[in-house]
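Chains A and B, in that order, give the protein sequences. Our numbering applies: residue 4 is where the first sequence begins, and numbers increase by one. Our numbering applies: residue 6 is where the second sequence begins, and numbers increase by one. Where a beta carbon is used, it is the ideal one built from N, C-alpha and C, also for glycine. Everything on this sheet refers to the single structure shown next.
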Amino acid sequence: MKYFVTVNGIAHEVDVVERLGELAVKVDGRELDLSYEEVDNLGQVALISGGRSWGVSIEGDEHEVSCNIAGHLYAVAIEDERERAAHAAEREATKGGGTVKSVMPGVVVKLLVQEGAAVEKGQPLLILEAMKMQNEIAAPAAGVVKALHVREREAVASGAKLVTLVAAP
Amino acid sequence: MFKRILVANRGEIALRVIRTCREMGVEPVAIYSDVDRKALHVRMAHSAVALGGSTPRESYLDMDKVIAAAKASGSEAVHPGYGFLSERSAFARKVTEAGLVWIGPPPEAIEAMGDKITSRRNMKKAGVPVVPGLVDPVDDVERALAAAEEIGYPIAIKAAAGGGGKGIRLVRSKDEMATAFRTASGEALASFGDGRVYMERYVDEPRHIEVQVLFDKHGLGVHFGERECSIQRRHQKLIEEAPSVVVDDALRAKMGEIAVRAGAAVGYQNAGTVEFLYSKGEFYFLEMNTRLQVEHPVTEMVYGVDLVREQLRVAAGEPLGYTQGDVLAKKHGWSIEVRINAEDPFNGFVPSIGTIHNLRAPGGPWVRLDAALYRGMEVSLNYDPMLAKLIVWAPDRDAAIERMKRALAELNVGGVRTSAPAALLVLEEERFVRGQFDTHFLNHMDLATPRKGEDVLVAAASAIHRHLLMRRKALRTSDSSRAAWGTRSRASLSPYPAHVAGNGGGQ
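Set out below in structure tokens:
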């Protein structure tokens, strides 16, 4: 099975082949000598590779994981070939506009724009409060506000859609 | 000494106070909100009183409920910890009026130091150096812009009533002023119910250095040297240490003397911290925190003192029993603290919420973990994101840095993302090791990317993780994702054994 694995923004191709219940792993075409043992079902893994030993922690779902090795954290995105093609098509389709999403769970304190308004790059769209810190969410690019997905005092989850912008006509 | 005291807090600081109480033979009483029924501070206490409610306002911030809990439990005194009601003079007063002992400074001292504007006036009067800036608060944009012209940029805007970095904004030029003022004032209003802010010059290459002081009820006060707290982002501290590389014995004596003078000027009692802004040999009074600080452990490690024990002793009326000379003679070695906050270094340190699992605590020589973490703990937006403090001691700074790196490599807090990996990157940074930094240090750092990364190993491990996950999913009896939620806990108890590279089962 071929996976496209992005580790802290850098892409790698990983091949995982199962033979007689054992896994053989190739990273970027190179075979890796690797022993992977799950310690528990919470994400602790005992990893031995290239003569070195690691207590690794991996958690997440099939698409995104956090990997902690010796105290360092790696943000990892994983796609298989089918998912990779689908994501590329999606990116192509939304070119020229886009939806501003919340990167944190919080409460919308104030909306600073209305639907249909033209905004400049960097113009504050709304104020989001999380952990009692207020953050102005700015327009990533110039455009027109196509849709407001939230109302004032509304609680939003991380990743929730806030505002959809389209390129100015 | 008291027989029983109420610990009016939650989380790691409640547990910190409870631990000292246990060692002193004092019975600690915990309070808890509905969501904290299973919290560690409740389990470790002698007894516990339910406050009801889940938000801080309905529970830990409700003065009458807390005092009623103290009375009902037969407590003689109240320890407020930090945060919540710790710096509310009205609460200190209510505690005293209820016939209880307040383990903290007199309400008058809290008031004299609590409002940053009042405290600046008081300190100027007492001959304590302060940062150039306006003494009067501003409450609208026009006046803020006018005041800014007088002070000169860059300018720091701070909440008149505040703390914890909330409501603070740095403004580098005139164009940024209006936005910064709106958000700072809005935050101040939301957090403290007071939208006034004050403005002062932003000092060049500033270091945040603070002095621990302790006063008994008989007019005697001492200091326990300094803490260096310059490694902060958005004015929230990440790494603290004691002593500071820029403070020698002479400067320590001078800063300490001024800190004690600052406390004495307001009739201070109990433990407190005088914060200074240090720049190129000069130092200015910032504010006084009229409570125990989060980072008090580094002082405890270097001076061999239990500050909570001292707080209880002096609150009970005991004299200090030692002199400034005695304190300084005990100074030994170096200590570093790292704050483990539930925040995501990959997303600009936004709050990270979830359920704590996959917990691995560091240990070994001279490693101290002050936390109230447990597996299954829910990290929500209701409470402060600080989950734990990791503290180490070593004979010198270099050894302390190495020890902290070792301890951080052992630590794993799963279920949420934390600031720990970011702290590890700082400790590996050469400028940090040399001691050359100011409060802007973190602004210029990439806190998400390990420099000598194990990317290939991570890529391989992540792919295997997914591979095993998908195989486990395929083997489930039901492929409905809704049903999978219900079966998840059962499935996780008996994982599909992983057979990898010739090794046996996953257990």
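Give me the chain A residues within the contact set of Met-475/B, using Cβ-Cβ distance strictly less than 8 Å, ordered along the chain.
Going along chain A in sequence order, the residues near Met-475/B (Cβ under 8 Å) are Glu-65.
What residues from chain A crowd round Gly-419/B, counting only those whose CB sits closer than 7 Å?
Per Cβ cutoff of 7 Å: Leu-45, Gly-46, Ser-60, Glu-62.
According to DSSP, is Tyr-158/B helix, strand or coil?
Three-state DSSP puts Tyr-158/B in coil, outside helix and strand.
Comparing alpha-carbon positions, which option in Ile-140/A, Gln-126/A, Ala-150/A lies nearest Asp-180/B?
That would be Gln-126/A, whose Cα lies nearest to the Cα of Asp-180/B.
Can you name, in chain order, every residue of its own chain whose Cβ lies under 7 Å from the Cβ of His-223/B, other than the five neighbours on each side?
Only Pro-324 meet the Cβ criterion.
Would you verify that the beta carbon of Phe-220/B is, or is not, closer than 9 Å to some beta carbon of chain C?
Of the chains in the structure shown, none is chain C; the protein chains are A and B.
Using a cut-off of 7 Å between C-beta atoms, extract the partners of Ser-91/B located in chain A.
Result: empty, since nearest Cβ-Cβ is about 16 Å, beyond 7 Å.
Between Lys-113/A and chain B, is any beta-carbon pair separated by less than 9 Å?
Answer yes: the Cβ-Cβ gap between Lys-113/A and chain B drops below 9 Å somewhere.
Grab the span of the beta strand (DSSP E) containing Ala-53/B for me, first residue to last.
Here the beta strand (DSSP E) through Ala-53/B covers 52-55.
Could you check whether the Cβ of Ser-59/B sits closer than 9 Å to any Cβ belonging to chain A?
Closer than 9 Å: no.
Would you kindly check if the distance between the Cβ of Val-106/B and the Cβ of Ala-321/B is under 9 Å?
Yes, the Cβ-Cβ distance between Ala-321/B and Val-106/B is below 9 Å.
How big is the Cα-Cα spacing for Tyr-203/B and Val-22/B?
Going from the Cα of Tyr-203/B to the Cα of Val-22/B covers about 34 Å.
Note down, in chain order, every chain A residue with its Cβ under 8 Å from the Cβ of Thr-188/B.
Under the 8 Å cutoff, chain A gives Ile-130, Gln-137, Asn-138, Glu-139.
Using a Cβ-Cβ distance cut-off of 9 Å, determine whether His-75/A contacts chain B.
Chain B contact via Cβ: present.
Under 7 Å between beta-carbons, which chain A residues line up against His-362/B? List them in chain order, please.
Within 7 Å Cβ-Cβ: Leu-45.
Can you give the Cα-Cα distance for Gln-316/B and Ala-347/B, rounded to whole angstroms?
Distance between the alpha carbons of Gln-316/B and Ala-347/B is about 29 Å.
Can you give the beta carbon distance from Ala-153/B to Arg-201/B, rounded, assuming they're within the 8 Å contact cut?
Actually they are not in contact, since the Cβ atoms of Ala-153/B and Arg-201/B sit about 16 Å apart, beyond 8 Å.
Rounded to the nearest angstrom, what separates Val-71/B and Ala-13/B at their Cα positions?
Cα to Cα, Val-71/B sits roughly 7 Å from Ala-13/B.
Near Val-110/A, which residues of its chain fall below 6 Å by C-beta distance, leaving aside the five closest residues on each side in sequence?
Hits under 6 Å: Glu-132, Ala-158.
Identify, in the order they occur along the chain, each residue of the same chain with its Cβ nearer than 6 Å to the Cβ of Arg-526/B, setting aside the five sequence neighbours on each side.
A question about residue 526/B goes unanswered here, because the residues of chain B that appear run from 6 up to 512.
Rounded to the nearest angstrom, how far is the Cβ of Met-260/B from that of Phe-288/B, given a contact under 8 Å?
Between Phe-288/B and Met-260/B the Cβ distance is about 6 Å, and since that is below 8 Å, they are a contact.
Would you mind listing the alpha helix (DSSP H) stretches within the segment 346-420 of chain B that are 4+ residues and don't spill past its ends, in chain order?
Runs of the alpha helix (DSSP H) inside the segment 346-420 of chain B: 402-415.
For the pair the segment 228-235 of chain B and the segment 405-422 of chain B, tell me if three or more CB-CB distances fall below 8 Å.
In short, these stretches do not touch, since the Cβ pair count stays below three.
Does any residue of chain B have a CB that is nearer than 9 Å to the CB of His-15/A?
Cβ-Cβ to chain B under 9 Å: yes for His-15/A.
Determine, using beta-carbon pairs with one atom in the segment 68-79 of chain A and one in the segment 328-345 of chain B, whether at least three such pairs fall under 8 Å.
Counting Cβ pairs under 8 Å, fewer than three are found: no touch.
Taking the alpha-carbon of Val-10/A as reference, which of Ile-130/A, His-66/A, Glu-93/A, His-152/A has the nearest alpha-carbon?
Considering only alpha carbons, the answer is His-66/A.
Find the nearest neighbour of Met-118/B within the set Trp-371/B, Val-279/B, Gly-458/B, judged by alpha-carbon distance.
Answer by Cα proximity: Val-279/B.
The segment 447-475 of chain B: which residues have C-beta closer than 8 Å to a C-beta of chain A, in chain order?
Those residues of the segment 447-475 of chain B that come within reach of chain A (Cβ to Cβ, closer than 8 Å) are Ala-453, Thr-454, Pro-455, Gly-458, Glu-459, Asp-460, Val-461, Leu-462, Val-463, Ala-464, Ala-465, Ala-466, Ser-467, Ala-468, Ile-469, His-470, Arg-471, His-472, Leu-473, Leu-474, Met-475.
With 16 other CB atoms within 10 Å as the buried threshold, where does Gly-12/A fall?
Gly-12/A comes out exposed.
Check whether the Cβ atoms of Ser-91/B and Leu-11/B sit closer than 9 Å, and answer yes or no.
Result no, Cβ atoms of Ser-91/B and Leu-11/B do not sit closer than 9 Å.
On the premise that Gly-138/B lies in contact with Arg-206/B, defined as a C-beta separation below 8 Å, what is that separation, rounded to the nearest angstrom?
Yes, they are in contact, since the Cβ atoms of Arg-206/B and Gly-138/B sit about 5 Å apart, within 8 Å.
Any idea if Asn-363/B is buried or exposed, counting beta-carbon neighbours within 10 angstroms, 16 or more meaning buried?
Buried.
Kindly identify the DSSP beta-bridge partner or partners of Arg-177/B.
DSSP, once it has assigned bridges, lists no residue as partnering Arg-177/B.
Ser-80/B by DSSP, collapsed to three states: which one?
In this structure, Ser-80/B counts as coil in the three-state DSSP scheme.
For Asp-389/B and Pro-61/B, I'd like the C-alpha separation in whole angstroms.
Straight-line Cα distance between these residues: approximately 10 Å.
Mind listing the chain B neighbours of Val-10/A? Cutoff is C-beta to C-beta under 8 Å, in chain order.
Here the neighbours are Gly-458, Asp-460, Val-463, Ala-464, Ser-467.
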